[in-house]
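Residues in the sequence shown are numbered from 30 upward in steps of one, following the working numbering.
Okay, so here's the structure we're looking at.
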Amino acid sequence: MIRFENVHKSFGKHEVLKGIDAEVDKGQVMCLIGASGSGKSTMLRCVNGLEDYQSGRISIDGETVDAHSSSIHAIRTRVAMVFQRFNLFPHMTALQNVMEGPIHVLGENRDEVRARAEEHLRRVGLAEKMDFYPTALSGGQQQRVAIARALAMRPDAILLDEPTSALDPEMVGEVLSVLRDLAQERMTMLIVTHEIQFAREVADGVIFLDQGRIAEHGSAEAVLSKPTHPRTQDFLRRVT
Ligand code: ADP
Ligand code: MG
């Protein structure tokens with residue numbers, strides 16, 4: 030579903046992705062781990078065209094992702110993104126946040142969108158909070174709204190960039206639990222995370238990124254429990 034073929038990406042002279050080859054199959058959960066600055070966010074942002082790349086190819090279901098092409102809007106509706114800092118619209122309630130994309134981007138019928146948005150918010154445990162503004166919600170609740178908002182676009186895949194890193198520890202569990210449910214429903218997800226235990230339970234595959242290169246790549250068991258690369262071993266010692 031998501032494929033990277035020898036992808037190179039630079040910011041000016043600074044090469045940040047140095048020949049990335051990776052694949053996320055439909056229904057798979059891929060976790061992306063690595064030290065700060067290794068290129069994880071850049072990799073995600075290239076998938077939905079928030080960043081361009083210089084060479085190689087990224088494709089979604091065979092369609093090349095080109096940040097400068099008009100097809101990028103269609104790709105963004107198929108691949109939703111969830112950010113570390115939620116990025117909800119502050120002047121809209123939880124429900125309005127979830128309804129915004131389907132109405133204004135997909136041009137769908139308001140009543141149908143509302144019914145589905147309510148269902149998504151119930152599904153992430155926010156039935157009682159639909160009419161609350163983001164400032165009245167906890168970080169964990171805001172992130173669950175952001176996930177409901179992504180789901181409302183009926184994406185083929187969801188990219189999540191450290192979805193629990195900005196949360197107080199007591200709220201991490203409620204967000205991971207929503208992601209666990211989505212994984213069980215076979216939602217295709219590429220997740221940047223430092224939650225190694227979560228990755229162990231949920232990921233079909235894990236990629237360890239080191240200074241813009243994939244140093245290690247395999248099943249969660251292989252990469253997280255029996256890493257062979259010294260950089261992976263060192264990284265895991267530091268985060269676990
Ligand atoms: P990670 O998410 O793994 O912490 P990033 O993908 O954010 O890493 O960053 C990888 C490298 O690219 C870092 O050295 C960072 O400073 C650099 N970088 C990221 N975004 C930009 C940008 N917009 N302009 C210049 N350099 C950037
Ligand atoms: Mg990052």
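A virtual CB, placed ideally from N, CA and C, is assigned to each residue, including glycine.
All values reported here derive from a predicted model rather than from experimental measurement.
A direct Cα-to-Cα measurement between S194 and V142 gives close to 30 Å. Taking C-beta atoms as the reference points, A177 and V127 count as a pair closer than 8 Å. Looking at the DSSP output, M110 bridges to L188. Remark: three or more beta-carbon pairs, one from each stretch, lie closer than 8 Å, so the segment 61-69 and the segment 237-247 are flagged as touching.
The chain-ordered list of residues whose CB is nearer than 5 Å to some heavy atom of the ligand ADP reads F40, V45, S65, G66, S67, G68, K69, S70 and T71. The Cβ-Cβ distance between M182 and L135 falls below 8 Å. Distances from the CB of E224 to the heavy atoms of the ligand MG are all 7 Å or more. Secondary structure at D50: strand, using DSSP grouped into helix, strand and coil. F227 sits in a helix when the DSSP states are folded into three classes. Exclusion of the five residues before and after M200 leaves S167, G168 and G169 as the residues of its chain whose Cβ lies within less than 7 Å of its Cβ. Per DSSP, R260 lies in no beta strand (DSSP E) segment; the continuous alpha helix (DSSP H) that holds it begins and ends at P259 to V268. Rounded to whole angstroms, the separation of the alpha carbons of A232 and A249 is 6 Å. With contact defined as three or more Cβ pairs closer than 8 Å, the segment 250-269 and the segment 78-94 are not in contact. For the pair of segments examined, the segment 52-61 was found not to touch the segment 98-112: the number of CB pairs separated by less than 8 Å stays below three. Rounded to the nearest angstrom, the gap between the Cα atoms of G247 and V221 is 15 Å. For a cut-off of 8 Å, the C-beta gap from L117 to V204 is around 14 Å, too long to register as a contact.
Between R152 and K42, the alpha-carbon positions lie close to 45 Å from each other. Per DSSP, H120 lies in no alpha helix (DSSP H) segment and is marked neither H nor E. Classified as exposed, V268 has fewer than 16 neighbouring CB atoms from the shown chains inside 10 Å of its CB.
Boundaries of the alpha helix (DSSP H) harbouring R143: R139 to R152, taken from the DSSP string.
With a 10 Å radius around the Cβ and a threshold of 16 neighbouring Cβ atoms, N77 comes out buried.
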